[in-house]
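Taking it in order: structure first as structure tokens, then the write-up.
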Amino acid sequence: MPDDAVPERLDLDGDTLRITWTDGRRLRYSVRGLRGLCPCAGCHEERLRLGFEDAPLPVDDDVRLVGMEPVGNYAYRLRFSDGHQTGIYRLEFLREIGLSE
34 MPDDAVPERL
44 DLDGDTLRIT
54 WTDGRRLRYS
64 VRGLRGLCPC
74 AGCHEERLRL
84 GFEDAPLPVD
94 DDVRLVGMEP
104 VGNYAYRLRF
114 SDGHQTGIYR
124 LEFLREIGLS
134 E
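The opening residue of the sequence shown carries number 34 in our numbering; numbering runs sequentially from there.
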């Protein structure tokens, strides 16, 4: 990731988050996918326990993104409708998992 590429615009449309980056790249994310790939320690341990080391955890179909706050200049904390809010999603991670538009 270029050091200066940061989110320029965030758009939430139902179950899809779109991020436009300052380098022009536009990526989309399923909210369920973001929740299933939560990088927090608890979710990481749960993935290992279930044998999903590199795969998303199963999450409810109706999970929604209810908040997104910057953490410094390197990440976002995402809050989901199921009450989960401990994941810190580093910008590099978001760039890796997003689907190009």
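We treat Cβ as the ideally placed atom computed from N, Cα and C, and that holds for glycine.
Buried/exposed call for residue i, threshold 16 Cβ in 10 Å
i, result
"Gly131", "buried"
"Arg82", "exposed"
"Val104", "exposed"
"Tyr62", "buried"
Identified DSSP bridge partners for residue i
i, result
"Leu50", "Leu45 and Tyr62"
"Val104", "Ala108"
"Leu132", "Arg61"
Whole-angstrom distance between residue j and residue i, CA atom to CA atom
i, j, result
"Leu70", "Trp54", "21 Å"
"Val39", "Gly84", "33 Å"
"Ile121", "Asp56", "22 Å"
Beta strand (DSSP E) segment containing residue i, residue limits
i, result
"Arg123", "Ile121 to Arg123"
N- and C-terminal bounds of the alpha helix (DSSP H) containing residue i
i, result
"Glu79", "Ala74 to Leu83"
Residue from the options whose Cα sits closest to the Cα of residue i
i, options, result
"Leu90", "Tyr107, Gly100, Met101 and His77", "His77"
"Arg68", "Arg110, Ser133 and Glu125", "Arg110"
"Gln118", "Leu43, Leu124 and Gly75", "Gly75"
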